[in-house]
Ligand SMILES: C[S@@+](CC[C@H](N)C(=O)[O-])C[C@H]1O[C@@H](n2cnc3c(N)ncnc32)[C@H](O)[C@@H]1O
């Protein structure tokens, strides 16, 4: 993944840096340094408590007006989608490696009140459902929780 990312980012050497991390939080970047935090098909691999910690750290890392962009396996909405996600989740419970370690999750349910959800859509392809969420920091919610 690192080699692939490096190749894809070659045209923008001044604007990109690829760093291989071990998942330890907090991420080694300053508060408010990013305008986007993108996680594609990662949260569905993580324990819910750790996924929530990642999202809290994303909130720290994003500056005002920053956007969180997350895609994840999720629960199907159509008949076929519901059947696929229920079967997927059952297989995951029996042997996670059978389904690559990931299972359907609800990204929206992982987000705390410090996020304002701008978009939350579910798309299905061959019965496999993905949730795509775009959220902004909600500074008022942070103030309310203090
Ligand atoms: C299904 S792949 C998705 C890769 C890429 N985002 C994409 O869409 O092509 C899941 C990725 O999550 C990474 N991963 C697994 N556990 C992680 C963790 N605790 N923290 C960060 N990344 C993790 C894996 O190394 C893998 O690259």
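Residue numbers (my numbering): -10 to 135. Glycine is no exception: its CB is placed at the ideal position from the N, C-alpha and C atoms.
- CA-to-CA, the gap between residue 34 and residue 89 works out to about 9 Å.
- Going by DSSP, residue 42 is part of the alpha helix (DSSP H) stretching over 37 to 50.
- The shortest C-alpha to C-alpha distance from residue 126 to any of -10, 36, 115, 20 is the one to 20.
- Linking residue 41 to residue 78 through their CA atoms gives a straight-line distance of about 20 Å.
- When the alpha-carbon of residue 25 is set against those of 44, -4, 37, the nearest one is in 44.
- Burial check for residue -2: the Cβ neighbour count within 10 Å stays below 16, so the residue is exposed.
- Residue burial annotation: residue 9 is exposed, with fewer than 16 other C-beta atoms found within 10 angstroms of its C-beta.
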